[in-house]
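Undergrad: Residue 38 is where the sequence shown starts when you use the working numbering, and the numbers rise one by one after that.
All residues carry an ideal CB built from backbone N, CA and C; glycine is no exception.
Note that the structure is predicted; figures quoted are calculated from it, not measured.
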Amino acid sequence: MPKPILLSVDDDSDVLRAIERDLRSQYGAEYRVMGSDSPEGALDLLKQLKMRNDSVALLLADQRMPHMDGVGFLQEATRIFPDAKRALLTAYADTSAAISAINQANINYFFLKPWDPPTEHLYPQLDDLLDDWQASYRPAFQGIRVLGTRWSRRSYELRDFLARNHVPYQWIDVELSANDPETKRLLEVIGSDIANLPVVLFQDGSKLLEGAPAEVAQKVGLRTRAQTDFYDLAIVGGGPAGLAAAVYGASEGLHTVMIEREAPGGQAGMSSRIENYLGFPTGLSGADLARRAVVQAQRFGVEILSPQEALGVRIEGPYRIVKLADGSEFSCHALMIATGVQWRRLEAPGVDRLQGAGVYYGGGATEAMSCKDETVYIVGGANSAGQAAMNFARYAEKVVILVRGTSLAATMSQYLIDQIKETPNISLWANASVTEAHGDTHLEEISILCSDTGKVERVPASAMFIFIGALPRTDWLAGVVERDDRGFLLTGPDLIRDDHQPKGWTLERDPFLLETNIPGIFAVGDVRHGSVKRVASGVGEGSVAVQFIHQYLSKV
Ligand SMILES: Cc1cc2nc3c(=O)[nH]c(=O)nc-3n(C[C@H](O)[C@H](O)[C@H](O)COP(=O)(O)OP(=O)(O)OC[C@H]3O[C@@H](n4cnc5c(N)ncnc54)[C@H](O)[C@@H]3O)c2cc1C
């Protein structure tokens with residue numbers, strides 16, 4: 038926790054040094070003492086301190102300074118730090134000016150120069166002022182601050198990225214908190230740059246305009262570049278399957294790297310409560326599972342590159358070369374594809390345009406709080422939709438689940454159906470499909486086709502969350518790894534047709550259970566053809582595959 042600041046301003050450098058020395062010797066343990074030899078410089082410094090979210094306890098200014106006197110400076114400084122105690126340093130001749138300033142400019146005290154001995158003429162009065170200041174002092178938030186608007190897609194993407202990567206941040210909605218005095222002061226300090234939302238303020242005083250996840254990731258020290266150019270095992274995808282493979286691989290001595298495009302945790306990271314994962318009788322959130330797994334993987338020395346995307350792979354003898362989105366490459370002996378699946382798009386006018394501005398794919402964990410007292414629509418009838426409905430019901434006034442079928446029975450687990458029935462603010466709208474999303478800058482209404490009546494109803498809506506199934510995104514492996522007609526990766530027995538090994542297969546043995554048509558390239562979890570789409574099965578496959586990798590590596 039940084040110490041609050043005592044700032045003195047005096048154009049006479051000898052006096053400035055003397056006051057800084059006296060302040061530091063008495064208050065240095067609890068406060069940071071800073072000084073400036075001009076009021077203009079001090080105001081610039083105060084603006085920087087505001088951007089860093091530092092606290093200023095005391096402003097102590099000499100009255101006689103060129104360009105701007107002490108009273109003028111204190112008045113300006115108060116606009117930036119209104120709670121700081123304000124004091125003047127004056128010569129005897131200026132006493133009457135100082136007295137009238139006490140009323141005029143709300144100055145708390147004036148000290149006469151020289152103030153020797155400080156134990157009599159400085160510290161007792163400052164002790165009083167600082168005690169007073171401490172009584173109402175609340176330490177400011179320490180960490181990244183993101184300024185944006187609720188309906189901005191860029192702001193949403195950045196908040197979602199920070200939340201999923203467990204980077205603590207403070208969100209300031211510049212529209213919603215436009216009347217908050219502290220926000221006003223911050224916006225004034227940021228000036229015209231505020232047009233470039235989202236603006237990200239870092240603790241070192243720097244700022245990023247139109248902050249994009251990749252830039253913020255670099256700034257907060259998330260690693261996106263490989264440390265070396267060769268690994269025993271490279272894993273693409275940081276969901277449960279990839280994380281399990283990373284933990285098992287590294288714990289068994291393999292030099293392992295994991296590449297994750299968004300944030301470790303994958304789809305599971307979006308789940309508000311996983312209730313069927315062994316060993317957690319009361320369930321656990323996907324974010325918690327992801328956080329624990331990442332710590333475990335890092336403990337075993339796994340290098341995690343995130344956000345980073347694998348864009349291609351090529352084979353050079355025993356080496357599998359992976360190409361990354363930043364243009365860099367590394368090679369490995371064994372490669373594991375654990376890229377899961379991504380949400381299917383809802384094809385309806387307005388949906389793409391309003392994505393991130395009221396229309397969201399997946400859990401939108403960062404959005405739940407913003408939906409307080411609103412009506413939220415959930416599109417889809419599988420477990421993921423049910424979990425989201427339960428989560429939003431804690432904040433929203435009303436949650437409506439839209440399903441095309443007649444009920445949830447065929448698509449959702451019974452325990453979730455029961456929970457939904459018992460939650461009074463969740464309702465089910467069956468035989469319903471969204472045909473259009475309306476709104477200029479953000480979602481305002483949706484049109485719903487009711488297949489039983491054939492009518493289209495247009496209803497007000499400020500948030501719609503879409504959970505309509507998912508598909509693998511494996512185009513980057515086309516021409517190298519065999520896929521089924523929907524893009525899922527074929528492994529083990531699925532590759533053997535009419536007793537024949539896959540085309541181009543050069544080894545005597547058949548592909549291992551979770552191995553693709555390329556020796557040493559494995560596929561696990563949801564991306565694998567025929568996989569069970571569950572956290573536990575992904576974790577199981579990721580762990581088991583490491584045993585095949587050992588066998589493969591023993592003969593490379
Ligand atoms: C909302 C929700 C709730 C769920 N609830 C449950 C539940 O209660 N119980 C249960 O058992 N299952 C649940 N599931 C299903 C479960 O989450 C998935 O089966 C599981 O996450 C699959 O794990 P995976 O590692 O195979 O893939 P994913 O979790 O999909 O992870 C794949 C990862 O790969 C990354 N990636 C993709 N392509 C690339 C690339 N080219 N380069 C780098 N990275 C890439 C993605 O960003 C992603 O993080 C739920 C799913 C959702 C969406």
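What residue does the beta strand (DSSP E) around Lys540 start on, and which one ends it?
TA: Element bounds for Lys540: n/a, residue is neither H nor E.
Undergrad: Within the same chain, show all residues whose beta-carbon is closer than 6 Å to that of Leu445, passing over the 5 residues directly before and after it, in chain order.
TA: The residues are Gly418 and Ile454.
Undergrad: Report back the beta-carbon spacing between Leu111 and Phe147 to the nearest angstrom; my notes put them in contact at under 8 Å.
TA: Contact flag wrong, Cβ pair sits at about 11 Å.
Undergrad: Using the Cβ count rule (16 or more neighbours within 10 Å means buried), how would you classify Tyr129?
TA: Flag for Tyr129 reads exposed.
Undergrad: For ligand 1, is there any heavy atom lying closer than 7 Å to the beta carbon of Thr3?
TA: No answer is possible for residue 3: the residues shown for the chain start at 38 and end at 593.
Undergrad: Rounded C-beta distance between Phe367 and Asp269? I'm assuming under 8 Å.
TA: 12 Å between Cβ atoms; not a contact.
Undergrad: For the segment 316-325 and the segment 239-251, state whether three or more C-beta atom pairs, one from each stretch, are separated by less than 8 Å.
TA: Not touching, per the Cβ criterion.
Undergrad: With a floor of 4 residues, list each alpha helix (DSSP H) that falls wholly inside the segment 407-455, ordered by position along the chain.
TA: Counting only runs of 4 or more, we get 420-429.
Undergrad: Which residues in the same chain as Gly506 place their Cβ atom closer than 6 Å to its Cβ, once the five residues preceding and following it in sequence are excluded?
TA: Same-chain partners within the cutoff: Arg381.
Undergrad: Quick check: the Cα distance between Glu411 and Val396, rounded to an integer number of angstroms?
TA: Going from the Cα of Glu411 to the Cα of Val396 covers about 14 Å.
Undergrad: What residue range is occupied by the uninterrupted beta strand (DSSP E) comprising Leu95?
TA: Unbroken beta strand (DSSP E) run through Leu95: Val93 to Asp99.
Undergrad: Looking only at its chain, what residues have a beta carbon closer than 6 Å to the beta carbon of Ala500, apart from the 5 residues adjacent to it on each side?
TA: Gly395, Cys408 and Val413.
Undergrad: Thinking Ala327 and Ala305 are a contact (beta carbons under 8 Å), I'd like their distance in whole angstroms, please.
TA: Correct: roughly 7 Å between the Cβ atoms.
Undergrad: Please confirm whether Ser92 and Asp74 have their CB atoms less than 8 Å apart.
TA: Going by C-beta atoms, Ser92 is not nearer than 8 Å to Asp74.
Undergrad: Using a Cβ-Cβ cutoff of less than 6 Å, which residues in the same chain neighbour Phe24 once the five nearest sequence positions on both sides are dropped?
TA: With the chain represented from 38 up to 593, any question about residue 24 goes unanswered, as that position is not in the structure.
Undergrad: Count the other CB atoms within 10 Å of the CB of Phe178; is the residue buried (16 or more) or exposed (fewer)?
TA: By the neighbour-count rule (16 or more Cβ atoms within 10 Å), Phe178 is not buried but exposed.
Undergrad: Along the chain, where does the alpha helix (DSSP H) that runs through Trp170 open and close?
TA: Per DSSP, Trp170 belongs to the alpha helix (DSSP H) from Tyr160 to Ser173.
Undergrad: For the beta strand (DSSP E) holding Phe585, just list the boundary residues, first then last.
TA: Segment Val572 to Leu590 is the alpha helix (DSSP H) holding Phe585; no beta strand (DSSP E) there.
Undergrad: Do Ala371 and Ala555 count as a contact pair if the criterion is CB distance below 8 Å?
TA: The question names Ala, but residue 555 in the sequence shown is Ile. No, the Cβ-Cβ distance between Ile555 and Ala371 is not below 8 Å.
Undergrad: Cβ atoms of Gly279 and Ala375: under 8 Å apart, would you say?
TA: It is a contact, given that the beta carbons lie within the stated cut-off.
Undergrad: For Arg69, which residues from the same chain have a beta carbon less than 6 Å from its beta carbon, with the 5 sequence-adjacent residues on both sides left out?
TA: Counting only Cβ-Cβ distances below 6 Å, and skipping sequence neighbours, we find Lys40 and Ile42.
Undergrad: Mark Ala334 as exposed unless 16 or more other C-beta atoms lie within 10 angstroms of its C-beta, in which case mark it buried.
TA: Its Cβ being crowded by 16 or more others within 10 Å, Ala334 is buried.
Undergrad: Give, in chain order, every unbroken run of the alpha helix (DSSP H) that is at least 4 residues long and sits entirely within the segment 48-113.
TA: For the segment 48-113, whole alpha helix (DSSP H) runs of length 4 or above, ordered along the chain, are 50-64 and 76-88.
Undergrad: Just to confirm, does Asn420 get its C-beta within under 7 Å of one of the non-hydrogen atoms of ligand 1?
TA: Yes, ligand 1 has a heavy atom inside 7 Å of this Cβ.
Undergrad: Skipping 5 residues on each side, what residues in its chain have a beta carbon closer than 7 Å to that of Trp208?
TA: Cβ neighbours of Trp208 beyond the five flanking positions: Val183 and Arg196.
Undergrad: Just mark His566 as buried or exposed, buried being the case when its beta carbon has 16 or more other beta carbons within 10 Å.
TA: The residue is buried, with at least 16 neighbouring Cβ atoms inside 10 Å.
Undergrad: Quick check: Leu532 and Pro509, are their CB atoms within less than 8 Å of each other?
TA: Against a cut-off of 8 Å, the Cβ pair of Pro509 and Leu532 comes out as no contact.
Undergrad: Residues in the same chain with beta-carbon distance under 8 Å from Leu82, minus the five sequence neighbours each way, listed in chain order, please.
TA: Leu44, Met71 and Ser73.
Undergrad: Using CA coordinates, which residue listed in Arg175, Leu60 and Ala422 is at the minimum distance from Asn90?
TA: Considering only alpha carbons, the answer is Arg175.
Undergrad: Rounded to the nearest angstrom, how far is the Cβ of Ile415 from that of Ala426, given a contact under 8 Å?
TA: 5 Å between Cβ atoms; contact.
Undergrad: To the nearest angstrom, how far is the alpha carbon of Ser137 from that of Leu86?
TA: Approximately 29 Å between the Cα atoms of the pair.
Undergrad: On the premise that Ala135 lies in contact with Gln100, defined as a C-beta separation below 8 Å, what is that separation, rounded to the nearest angstrom?
TA: The pair is a contact, with the Cβ atoms about 6 Å apart (cut-off 8 Å).
Undergrad: Evaluate Gly541 with the Cβ neighbour count: other Cβ atoms within 10 Å of its Cβ, from every protein chain shown; 16 or more gives buried, anything less gives exposed.
TA: Gly541 comes out exposed.
Undergrad: In or out: Ser192 buried (at least 16 other Cβ within 10 Å) or exposed?
TA: That one is buried.
Undergrad: Could you tell me if the beta carbon of Thr293 falls within a distance shorter than 7 Å of some heavy atom in ligand 1?
TA: No, the Cβ of Thr293 stays beyond 7 Å of every heavy atom of ligand 1.
Undergrad: When the Cα of Thr452 is compared with those of Leu199, Thr472 and Gly423, which residue comes out closest?
TA: Checking the sequence, you will find Tyr at residue 452 rather than Thr. The shortest Cα separation from Tyr452 among Leu199, Thr472 and Gly423 belongs to Gly423.
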